[in-house]
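J.: A single structure is presented below for examination.
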Amino acid sequence: METQPLLYFEHDADIGVIGRGTTVEQAFESAAQAVFAIITPLGAVQPKTTVAIEFEEDDRELALVIWLNLLLGRARELGMIFSRFRLQCNGSNWIGEASGEKWNDSLERGVEVKGATLTMLSVKQTGMVWEARCVVDV
Amino acid sequence: MDLSQLRQLQPYLWTLPRQPDEKRAEVLLYGSAPLLGSMDDKVLEQISNVAALPGLVGAAMTMPDAHWGYGFPIGGVAAFDAQKGGIISAGGVGFDISCGIRCLRSNLNVAEALPEFGRLAETLFRDIPAGVGEEGHIKLNPAQIDQVLQEGAHWAVKEGYGNATDLEYIEERGRVNGAVPAYVSDLAKKRQRGEMGTLGSGNHYLEIQAIERIYDNEAASAFGLREGQIVISIHCGSRGLGHQIGTDYLVMLAKAAARLGIHLPNRELACAPIQSAEGQQYIGAMNAGINCALANRQILTHLARTAFTKVYPKADLETLFDVSHNTCKVETHEIEGKPRLLHVHRKGATRAFGPGHPTLPERYRAAGQPVVIGGSMGTGSYILAGNRANPAFSSASHGAGRAMSRHQSLARWHGRQLVDELALQGILIRTRSMRGVAEEAPGAYKDVDLVAEATEQAGLARRVAFLRPKVCVKG
Numbered sequence: 093m094e095t096q097p098l099l100y101f102e103h104d105a106d107i108g109v110i111g112r113g114t115t116v117e118q119a120f121e122s123a124a125q126a127v128f129a130i131i132t133p134l135g136a137v138q139p140k141t142t143v144a145i146e147f148e149e150d151d152r153e154l155a156l157v158i159w160l161n162l163l164l165g166r167a168r169e170l171g172m173i174f175s176r177f178r179l180q181c182n183g184s185n186w187i188g189e190a191s192g193e194k195w196n197d198s199l200e201r202g203v204e205v206k207g208a209t210l211t212m213l214s215v216k217q218t219g220m221v222w223e224a225r226c227v228v229d230v
Numbered sequence: 031m032d033l034s035q036l037r038q039l040q041p042y043l044w045t046l047p048r049q050p051d052e053k054r055a056e057v058l059l060y061g062s063a064p065l066l067g068s069m070d071d072k073v074l075e076q077i078s079n080v081a082a083l084p085g086l087v088g089a090a091m092t093m094p095d096a097h098w099g100y101g102f103p104i105g106g107v108a109a110f111d112a113q114k115g116g117i118i119s120a121g122g123v124g125f126d127i128s129c130g131i132r133c134l135r136s137n138l139n140v141a142e143a144l145p146e147f148g149r150l151a152e153t154l155f156r157d158i159p160a161g162v163g164e165e166g167h168i169k170l171n172p173a174q175i176d177q178v179l180q181e182g183a184h185w186a187v188k189e190g191y192g193n194a195t196d197l198e199y200i201e202e203r204g205r206v207n208g209a210v211p212a213y214v215s216d217l218a219k220k221r222q223r224g225e226m227g228t229l230g231s232g233n234h235y236l237e238i239q240a241i242e243r244i245y246d247n248e249a250a251s252a253f254g255l256r257e258g259q260i261v262i263s264i265h266c267g268s269r270g271l272g273h274q275i276g277t278d279y280l281v282m283l284a285k286a287a288a289r290l291g292i293h294l295p296n297r298e299l300a301c302a303p304i305q306s307a308e309g310q311q312y313i314g315a316m317n318a319g320i321n322c323a324l325a326n327r328q329i330l331t332h333l334a335r336t337a338f339t340k341v342y343p344k345a346d347l348e349t350l351f352d353v354s355h356n357t358c359k360v361e362t363h364e365i366e367g368k369p370r371l372l373h374v375h376r377k378g379a380t381r382a383f384g385p386g387h388p389t390l391p392e393r394y395r396a397a398g399q400p401v402v403i404g405g406s407m408g409t410g411s412y413i414l415a416g417n418r419a420n421p422a423f424s425s426a427s428h429g430a431g432r433a434m435s436r437h438q439s440l441a442r443w444h445g446r447q448l449v450d451e452l453a454l455q456g457i458l459i460r461t462r463s464m465r466g467v468a469e470e471a472p473g474a475y476k477d478v479d480l481v482a483e484a485t486e487q488a489g490l491a492r493r494v495a496f497l498r499p500k501v502c503v504k505g
């Protein structure tokens with residue numbers, strides 16, 4: 093995917109993330125970048141290892157939350173940080189992958205993201221642009 | 031928040047009048063006019079939505095430190111009756127299940143400890159795993175994880191982290207009943223393999239504090255506190271396991287609510303009836319998360335003790351109390367003169383049992399439960415005592431409460447600059463994340479003095495001691 097500017101919106105205690113793209117999948121990939129950029133600046137993360145992500149969900153909004161939470165869960169399980177994301181949707185079947193590397197001392201530490209929430213959750217198309225947004229708990 | 035839409039019932043108690051067609055229970059907001067005035071309108075929207083949930087008993091309430099959360103507002107309290115269709119909500123507990131504060135009292139005075147604060151800060155920073163990406167020294171296999179989820183802090187003590195006396199001064203004596211590890215996903219358990227005994231990041235901390243002022247001599251005596259004494263506060267929760275339980279069940283409960291025909295004013299309130307299969311599964315998993323948090327803080331207590339004795343060989347750290355502020359607990363409360371068993375959600379709110387409560391340790395039974403209001407790293411914290419006549423299902427404030435978003439903080443402050451400024455004030459910060467420090471800038475929080483005062487004036491708890499930060503290990 094093309095590198096998109098990282099987009100956020102205001103929330104008192106946590107952080108609102110926004111992903112945009114010409115497809116819903118691109119919007120989800122962009123939202124994932126916004127989430128992982130809270131944890132560390134992504135420019136320094138090498139895409140050394142790729143992890144597959146797959147799930148079933150026919151509700152687009154819940155799919156965003158599931159996508160982001162699967163990424164966060166897998167990253168923590170594997171002790172990794174992801175910086176590149178790919179996603180394809182066929183009906184209710186979502187198949188994606190995330191690439192990154194193991195945590196190491198060369199990476200600047202930001203803030204841990206606990207999970208994506210249903211707060212301010214929306215996935216919608218305006219003109220040619222898809223936008224996906226929700227609040228993540230930090 | 032626009033106060034003109036509220037009606038003031040008492041100096042520190044407000045309500046939002048219901049519109050004629052509005053089907054919701056009463057909303058009560060505790061706090062002073064300046065505190066409420068500084069809150070986002072979203073707090074009011076979220077607590078009004080909570081008041082519309084099925085089976086709510088009494089009012090949906092916010093504490094004086096409330097701010098905009100997800101699902102419930104942070105600082106939200108709501109009790110539900112399972113027999114009346116009451117619900118359990120993952121958003122009413124939070125992702126960091128059983129996040130809370132372990133408070134330790136020491137036998138050290140600030141004057142004698144001060145010369146070694148620098149070495150203490152370095153030792154704690156080296157010995158306490160903190161920050162994003164940091165793993166702990168303890169690696170657990172799946173069977174051990176299940177034991178932690180069943181046994182809580184008892185597991186940690188059995189493994190040599192701390193002592194049996196600690197357990198007396200933890201809520202539920204260090205272990206909640208009703209934990210069902212089978213309801214916790216494999217991914218949640220895998221995430222926890224290397225995270226026992228870790229502090230985390232964000233607003234989590236381990237702080238060395240000096241008691242600067244005693245407000246209530248009798249309670250302070252019961253709590254073993256005196257001016258000049260060094261106290262340690264450990265703020266953290268159930269780590270990756272709790273976060274994964276939260277994420278797993280948020281979507282599941284959202285679907286359950288739709289399937290069971292529960293009208294949700296907003297999807298973020300994802301919930302299910304307590305007596306439903308989904309509700310029971312979440313409760314079993316949440317209780318497992320609570321036990322995980324209690325074990326985690328017990329291990330961190332042990333690590334803090336070990337670090338202290340490296341610097342102060344005669345240091346003795348006793349557990350003052352361990353209290354969670356992201357939970358749903360089954361408690362008996364008197365409603366209209368009759369005892370009722372309720373599921374009390376406290377999302378960013380502390381339980382505050384009053385004097386005489388049978389679950390309190392004997393030592394505190396006359397004074398009431400110790401309550402901790404954790405402030406920012408640059409201002410201070412308070413220890414309070416629960417009141418017998420607490421009007422909010424025995425709940426009180428849990429912290430200063432954010433007054434500014436994280437992005438506003440990042441735009442205004444730089445981590446390095448804050449660390450240097452605080453050092454000039456005699457507060458040593460050790461962190462692996464300067465971004466984290468900037469987001470947690472003291473100026474990003476409400477005035478903790480106002481929160482503590484409002485908590486007392488509202489009758490929720492009474493101030494016992496004010497603690498000034500000296501060393502803070504941030505995630």
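Protein chains in written order, with the numbering used here: chain Y, 93 to 230; chain P, 31 to 505.
Where is the CB? At the ideal position from N, CA and C, for every residue including glycine.
Quick caveat, the model's predicted, so the values are computed rather than measured.
Name, going along the chain, the residues of the stretch 146-162 of chain Y whose beta-carbon falls closer than 7 Å to a beta-carbon of chain P.
T.: Those residues of the stretch 146-162 of chain Y that come within reach of chain P (Cβ to Cβ, closer than 7 Å) are L154, V157, I158, N161.
J.: Let me know the secondary structure DSSP gives N139/P once reduced to three states.
T.: Taking the first residue of the second sequence as 1, we reach residue 139/P at position 109. Strand.
J.: Which residue marks the beginning of the alpha helix (DSSP H) containing K340/P, and which one marks its end?
T.: Taking the second sequence and counting its residues from 1, one reaches residue 340/P at position 310. Looking at the DSSP string, the run of the alpha helix (DSSP H) that includes K340/P is 307-341.
J.: If the cut-off is 9 Å on Cβ atoms, which residues from the stretch 200-214 of chain Y count as contacting chain P, listed in chain order?
T.: Under the 9 Å Cβ criterion, the stretch 200-214 of chain Y contributes E200, R201, G202, V203, E204, V205, K206, G207, A208, T209, L210, T211, M212, L213.
J.: So which residues of chain C does I104/P contact, with C-beta pairs closer than 9 Å?
T.: Chain labels in this structure do not include chain C; the protein chains are Y and P.
J.: Using a Cβ-Cβ cut-off of less than 8 Å, list which residues of the stretch 393-415 of chain P approach chain Y; keep chain order.
T.: Taking 8 Å as the Cβ-Cβ cut-off against chain Y, none of the residues of the stretch 393-415 of chain P qualify.
J.: Which of the residues in the stretch 146-179 of chain P, read from start to end, lie with their CB under 9 Å from any CB of chain Y?
T.: Here the close residues are G161, V162, G163, E164, E165.
J.: Would you report the Cα separation of M93/Y and L217/P, rounded to the nearest angstrom?
T.: Taking the first residue of the first sequence as 1, we reach residue 93/Y at position 1. Taking the first residue of the second sequence as 1, we reach residue 217/P at position 187. Bear in mind that the predicted position of M93/Y carries a pLDDT of just 49, short of 50, making it unreliable; the figure below should be weighed with that in mind. Going by the C-alpha atoms only, they are around 28 Å apart.
J.: Kindly indicate the opening and closing residues of the alpha helix (DSSP H) around E248/P.
T.: The residue you call residue 248/P lines up with position 218 of the second sequence. E248/P -> alpha helix (DSSP H) spans 247-253.
J.: Output yes if chain Y places a C-beta closer than 8 Å to the C-beta of W98/P; else output no.
T.: Position 68 of the second sequence, counted from the start, is the residue given in the question as residue 98/P. Chain Y, which has a Cβ nearer than 8 Å to the Cβ of W98/P, makes this yes.
J.: How would you call H476/P, buried or exposed, if buried means at least 16 neighbouring beta carbons within 10 angstroms?
T.: Working through the second sequence from its first residue, we reach residue 476/P at position 446. The sequence as given places Lys at residue 476/P; His does not occur at that position. Result: buried.
J.: Specify, as a first and last residue, the run of the alpha helix (DSSP H) that W159/Y falls within.
T.: Locating residue 159/Y in the first sequence gives position 67, counting from the first residue. 152-170 is the extent of the alpha helix (DSSP H) around W159/Y.
J.: Count the other CB atoms, across all protein chains shown, that sit within 10 Å of the CB of G431/P; report buried if there are 16 or more and exposed otherwise.
T.: Reading the second sequence from its first residue, position 401 is the one you call residue 431/P. Classification for G431/P: buried.
J.: Determine, for R221/P, whether the minimum Cβ-Cβ distance to residues of chain Y falls below 8 Å.
T.: Residue numbering aside, residue 221/P sits at position 191 when the second sequence is read from its first letter. Yes, R221/P counts as interfacial toward chain Y.
J.: If you drop the 5 nearest sequence neighbours on each side, which residues of the same chain put their C-beta closer than 7 Å to that of G319/P?
T.: Residue mapping note: residue 319/P aligns to position 289 of the second sequence, counting from 1. So the qualifying residues of the chain are I127, S128, S268, L271, G272, I275.
J.: According to DSSP, simplified to helix, strand and coil, what is W44/P?
T.: Taking the second sequence and counting its residues from 1, the one referred to as residue 44/P is at position 14. W44/P falls in the strand class under three-state DSSP.
J.: Helix, strand or coil, according to DSSP, for G207/Y in the structure here?
T.: Numbered from 1 along the first sequence, position 115 holds the residue referred to as residue 207/Y. G207/Y falls in the strand class under three-state DSSP.
J.: What number of angstroms, rounded off, separates the C-alpha of A396/P from the C-alpha of R381/P?
T.: The count along the second sequence starts at 1 and reaches residue 396/P at position 366. The count along the second sequence starts at 1 and reaches residue 381/P at position 351. Straight-line Cα distance between these residues: approximately 17 Å.
J.: Rounded to the nearest angstrom, what separates L66/P and A183/P at their Cα positions?
T.: Counting from 1 along the second sequence, the entry for residue 66/P is found at position 36. Counting from 1 along the second sequence, the entry for residue 183/P is found at position 153. Taking the straight line joining both Cα atoms gives about 37 Å.
J.: Decide yes or no for the touch test of the stretch 434-451 of chain P against the stretch 191-207 of chain P: beta carbon pairs closer than 8 Å, at least 3 of them.
T.: Short answer: they don't touch.
J.: Identify whether S78/P lies in helix, strand or coil by the three-state DSSP scheme.
T.: Against the second sequence, residue 78/P aligns to sequence position 48. S78/P falls in the helix class under three-state DSSP.
J.: Express the C-alpha separation of I459/P and L452/P in angstroms, rounding to a whole number.
T.: Within the second sequence, numbered from 1, the residue matching residue 452/P stands at position 422. Within the second sequence, numbered from 1, the residue matching residue 459/P stands at position 429. Computed Cα separation, rounded: 8 Å.
J.: In terms of DSSP beta bridges, what is D126/P paired with?
T.: Looking up residue 126/P in the second sequence gives position 96. BP columns for D126/P are empty, so no partner.
J.: How about R135/P and L350/P: do their beta carbons lie closer than 8 Å?
T.: Mapped onto the second sequence, residue 135/P falls at position 105. Mapped onto the second sequence, residue 350/P falls at position 320. Yes, these two residues count as a Cβ contact at 8 Å.
J.: Work out the CA separation of K194/Y and G171/Y for me, nearest whole Å.
T.: On the first sequence, residue 171/Y is found 79 positions in, with the first residue counted as 1. On the first sequence, residue 194/Y is found 102 positions in, with the first residue counted as 1. Using only the alpha carbons, I get a separation of about 6 Å.
J.: With DSSP collapsed to three states, give me the class of F101/Y.
T.: Working through the first sequence from its first residue, we reach residue 101/Y at position 9. Of the three classes helix, strand and coil, the one that applies to F101/Y here is strand, per DSSP.
J.: To the nearest angstrom, how far is it from the Cα of R54/P to the Cα of D106/Y?
T.: The residue labelled residue 54/P in the question sits at position 24 within the second sequence. The residue labelled residue 106/Y in the question sits at position 14 within the first sequence. The alpha-carbon atoms of R54/P and D106/Y are separated by roughly 27 Å.
J.: Between R462/P, A433/P, T461/P, F496/P, which lies nearest to M31/P when the distance is taken from Cα to Cα?
T.: In the second sequence, counting from the first residue as 1, residue 31/P sits at position 1. Nearest of R462/P, A433/P, T461/P, F496/P to M31/P, Cα basis: A433/P.
J.: Taking the straight line between their C-alpha atoms, what separation do you get for L144/P and K340/P?
T.: Taking the second sequence and counting its residues from 1, the one referred to as residue 144/P is at position 114. Taking the second sequence and counting its residues from 1, the one referred to as residue 340/P is at position 310. The alpha-carbon atoms of L144/P and K340/P are separated by roughly 15 Å.
J.: Output yes or no for whether 8 Å exceeds the beta carbon distance between S119/P and H375/P.
T.: For the purposes of this step, residue 119/P is taken as the residue at position 89 of the second sequence. For the purposes of this step, residue 375/P is taken as the residue at position 345 of the second sequence. In contact: S119/P and H375/P (Cβ atoms closer than 8 Å).
J.: From the DSSP output, in three-state form, read off L347/P for me.
T.: Locating residue 347/P in the second sequence gives position 317, where the first residue counts as 1. Here L347/P sits in strand by DSSP.
J.: Within a Cβ cutoff of 7 Å, which residues of the same chain sit near L509/P, ignoring the five residues on either side of it in sequence?
T.: Since the first residue shown for chain P is 31 and the last is 505, residue 509/P is missing from the structure and cannot be characterised.
J.: Could you list which residues in chain P have their beta carbon closer than 7 Å to that of I131/Y, in chain order?
T.: The residue labelled residue 131/Y in the question sits at position 39 within the first sequence. Those are V162, listed as they occur along chain P.
J.: Quick check on W185/P: does DSSP put it in helix, strand or coil?
T.: Sequence index remark: in the second sequence, residue 185/P carries index 155 (1-based). W185/P: helix per DSSP, three-state reduction.
J.: By the criterion of Cβ-Cβ separation under 7 Å, what are the contact partners of S231/P in chain Y?
T.: Taking the second sequence and counting its residues from 1, one reaches residue 231/P at position 201. Near S231/P (Cβ distances below 7 Å), the residues of chain Y are V203, E204.
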